[in-house]
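Trainee: Residue numbers (the numbering used here): 35 to 158. The C-beta atom is built at its ideal place from N, Cα and C for all residues, glycine as well. All values derive from a computational prediction rather than experimental measurement. Below is one structure. I have some questions about it.
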């Protein structure tokens, strides 16, 4: 792109040069993906993670996603398709209240129990 340089130097010792970007630069500028701009997704790492072997063509590659929030643990079994990610099974630690656990829903034991819950749902 063609850039216009304007020299703001008053003294000969100063070397500060401000770069003006012209109209052509802004017309041709291509923005990054929204999740890249937000810093949420590293697409290079994601592509390597979800890429399936050639001899396993059209077979889903499952992954366990565990998110620990301020109050609970969320576990999901996810696979990737071309149209987007699909959730096969999910469980939250708030569901442990049905099994008699009422407090400590984000600690290590709750994460283990939630993982067990999502594993049993996946195998059904």
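Tell me residue 122's beta-bridge partners as DSSP assigns them.
Mentor: The sequence position of residue 122 within the chain shown is 88, counting from 1. DSSP output for residue 122 lists no bridge partner at all.
Trainee: Count the other C-beta atoms from every protein chain shown that fall within 10 angstroms of the C-beta of residue 107, then say buried if there are 16 or more, exposed otherwise.
Mentor: For the purposes of this step, residue 107 is identified with residue 73 of the chain shown, where counting begins at 1. Under this definition residue 107 is a buried residue.
Trainee: Can you check whether the CB of residue 111 is closer than 7 angstroms to the CB of residue 130?
Mentor: As a working mapping, residue 130 is identified with position 96 in the chain shown. As a working mapping, residue 111 is identified with position 77 in the chain shown. No. Outside cutoff.
Trainee: What is the residue span of the alpha helix (DSSP H) that residue 146 lies within?
Mentor: Position 112 of the chain shown, counting from 1, holds the residue named residue 146. Element bounds for residue 146: 142 to 157.
Trainee: Would you call the CB atoms of residue 109 and residue 148 closer than 7 angstroms?
Mentor: Start at 1 with the first residue of the chain shown, and residue 109 comes out as number 75. Start at 1 with the first residue of the chain shown, and residue 148 comes out as number 114. Yes. Within cutoff.
Trainee: Around the C-beta of residue 127, are 16 or more other C-beta atoms found within 10 angstroms, so that it is buried, or is it exposed?
Mentor: Within the chain shown, numbered from 1, the residue matching residue 127 stands at position 93. Residue 127 should be labelled buried.
Trainee: Compare the C-alpha of residue 159 against each of 150, 139, 103 and name the closest.
Mentor: What the structure shows of the chain is the stretch from 35 to 158, and residue 159 is not part of that stretch, so it cannot be assessed.
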